[in-house]
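Worksheet: the structure to be examined is printed underneath.
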Amino acid sequence: MSALDHYKQYHCRDCAKSFRNENALRMHLNSSTHRGRNVARPFCKTALTSASGLSHHLESGSCPRAGNSNHRTIFQAISQRDCGGLVTNKLLTYPDSGTQNIATGATWNGFNYECYLCHREFRNLQGLNQHLSSPAHSEKLYHCPNRDCTGQFVRLASLFNHLESESCNFVRFERVQKHVHDFITGRQKLIGFG
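Note that the sequence shown ends on residue 849 in my numbering; no numbers are left out.
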């Protein structure tokens with residue numbers, strides 16, 4: 656990066672906003688402000704801005720019409736269709752069968768509550784328990800389909816977000832949306848980006 660690029664401003668021509676870097680501008684241009692909401696939710700019949708938003712909606716279990724949809728059921732469905740391992744990692748067993756780690760007062764180290772897995776410290780027990788119930792220590796279930804990229808992801812939404820950001824230059828934002836749409840509507844058997 657040259658000294659001149661350090662001070663370069665990135666502007667959105669449509670709404671005259673400025674951004675600190677090219678990636679921030681690209682994410683803004685791919686937001687609902689400019690793209691609208693055109694990714695259909697298969698159960699709700701309303702729309703979201705992106706494939707990552709749809710995946711997060713389903714994986715978080717926040718769709719009341721999707722039955723028992725959550726990150727485990729989504730992974731099972733995707734991995735059963737991804738025999739070649741395009742986006743899923745092959746596992747000996749299915750991930751976290753729903754067991755939950757709960758911290759107690761025994762995690763107090765004299766200063767903070769300490770995670771026994773990563774040694775990160777928290778001011779209160781509630782914060783440590785939120786950390787333990789988050790994907791922080793979950794197994795990486797997905798990987799970027801770009802063989803030159805080492806990206807590994809706990810959730811499908813994170814994989815889609817990685818692809819939508821175009822950070823590894825494997826696929827354009829629009830193509831991710833099209834392939835996910837085709838997969839949801841049955842026009843395509845697996846999400847392939849080739």
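Glycine residues also receive a C-beta, built at the ideal position from the N, C-alpha and C atoms.
Note that the structure is a prediction, hence the values are computed from the model and not measured.
Distance between residue j and residue i (C-alpha atoms, nearest Å)
i           : j           : result
residue 731 : residue 826 : 24 Å
residue 828 : residue 743 : 20 Å
residue 689 : residue 664 : Bear in mind that a pLDDT of 49 at residue 689, under 50, signals an unreliable position, so the model cannot answer this.
residue 680 : residue 803 : 25 Å
residue 691 : residue 761 : Below a pLDDT of 50, predicted positions are generally treated as unreliable, and residue 691, at 49, falls in that range; no measurement from the model is reported.
residue 746 : residue 790 : 17 Å
residue 670 : residue 839 : 33 Å
residue 795 : residue 805 : 12 Å
Cβ-Cβ separation, residue j to residue i (assumed contact under 8 Å), whole Å
i           : j           : result
residue 713 : residue 724 : 5 Å
residue 793 : residue 678 : With a Cβ gap of about 26 Å, residue 793 and residue 678 do not count as contacting.
Under the three-state DSSP convention, the category residue i falls into
i           : result
residue 807 : strand
residue 829 : helix
residue 715 : coil
residue 857 : The structure shown has nothing for residue 857, since the chain only spans 656 to 849.
residue 664 : coil
Local Cβ density within 10 Å of residue i, reported as buried at 16 or more and exposed below that
i           : result
residue 771 : exposed
residue 800 : buried
residue 737 : buried
residue 705 : buried
residue 673 : exposed
residue 810 : buried
residue 729 : buried
| query | At what residue ranges does the region 759-788 contain a whole run of the alpha helix (DSSP H), taking only runs of 4 or more? | reply | 780-788
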